[in-house]
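Residue numbers (my numbering): 172 to 418.
Below is one structure, written out as structure tokens; the observations come after it.
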Ligand code: ADP
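Below, the structure is given as structure tokens:
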């Protein structure tokens, strides 16, 4: 389980904190969606929950013990996160995906499963050297679009046998329905594992056990999609504005 206790966080040099006094408990196996407008602090909260950042005040606990910087490094294998600022390595596809679990870098079958889960399969089939194709302009001539790089990052996360998965708005490059399809795939894959999905679009929220609504660095509403829509508050208004995408 992951637990944030009254955390406050400001980026170095910023005059005001991005998150103020945020408390949140996530049970093992729970699927959470964090939603809110751009700039609300969603990504920052997720990075604090996986120990990439340390709070200025308050604490984050993982399985009851503080998630210090040292511990965050030690348990990195248990966490698979795909953030917007995902890394795209100018190496082969094998290396790009396999960095999720270097010990299995030569396991083509495992690589194929991860590629399939990330919806990369058909795309890989067009590569001249399969998994050994160099990606990017630096060494090869198979340049990928932003959306394709994101799928590669997703395959990397799937390849690692993590028990906490984070998918951060993977799809600035995708339209809402393509984004929803990717989140659906993600939700299927995480079965039984703890998952955090982040988006300013609400398609993913309906896949979650619980939706956390962030506004200006604070949690203003939380609950199941249906309950929040009935409540008629911030979430209901956001959903009404986007509903035409998901009908
Ligand atoms: P969201 O994910 O909801 O769009 P973010 O957590 O990315 O929100 O950002 C919240 C606020 O923090 C924004 O005002 C953003 O400009 C600022 N911010 C995000 N990342 C950084 C950073 N690395 N350094 C400084 N400010 C940042």
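No residue lacks a Cβ here, since even glycine has one placed at the ideal position from N, Cα and C.
These figures come from a predicted structure and were not determined experimentally.
Residue i, enclosing beta strand (DSSP E) - first and last residue
i           : result
residue 304 : No beta strand (DSSP E) contains residue 304, which DSSP labels as neither H nor E.
residue 232 : 228–233
residue 174 : 173–180
residue 365 : 365–370
residue 252 : 250–253
Enclosing alpha helix (DSSP H) for residue i [first to last residue]
i           : result
residue 327 : 317–330
residue 281 : 279–288
residue 272 : Per DSSP, residue 272 belongs to no alpha helix (DSSP H) and is neither H nor E.
residue 292 : 292–296
residue 313 : That residue, residue 313, is in no alpha helix (DSSP H); it is neither H nor E in DSSP.
residue 211 : Unbroken run through residue 211: none, as it is neither H nor E.
residue 405 : 405–417
Coil, strand or helix - residue i by DSSP
i           : result
residue 385 : strand
residue 340 : coil
residue 189 : coil
residue 239 : coil
residue 199 : coil
residue 357 : helix
residue 335 : strand
residue 379 : coil
residue 394 : strand
residue 206 : strand
Backbone CA spacing between residue i and residue j [nearest angstrom]
i           : j           : result
residue 364 : residue 333 : 8 angstroms
residue 394 : residue 223 : 26 angstroms
residue 265 : residue 298 : 12 angstroms
residue 213 : residue 293 : 32 angstroms
residue 387 : residue 303 : 45 angstroms
residue 182 : residue 189 : 7 angstroms
residue 269 : residue 339 : 20 angstroms
residue 329 : residue 289 : 8 angstroms
residue 211 : residue 274 : 38 angstroms
residue 316 : residue 346 : 14 angstroms
residue 134 : residue 414 : Here the chain covers residues 172 to 418 and nothing more, so residue 134 does not appear.
residue 285 : residue 357 : 12 angstroms
residue 307 : residue 263 : 9 angstroms
residue 193 : residue 229 : 9 angstroms
residue 187 : residue 208 : 18 angstroms
residue 233 : residue 173 : 5 angstroms
residue 283 : residue 369 : 26 angstroms
Cutoff 8 angstroms: residue i Cβ touching any chain B Cβ
i           : result
residue 204 : The structure shown contains no chain B; it holds only a single protein chain.
Contact test: residue i Cβ vs the ligand SAH heavy atom, cutoff 7 angstroms
i           : result
residue 235 : The ligand SAH is not part of the structure shown, which contains the ligand ADP as its ligands.
Just jot down, in chain order, the residues whose CB lies closer than 5 angstroms to any heavy atom of the ligand ADP.
182, 189, 209, 210, 211, 212, 213, 214, 215
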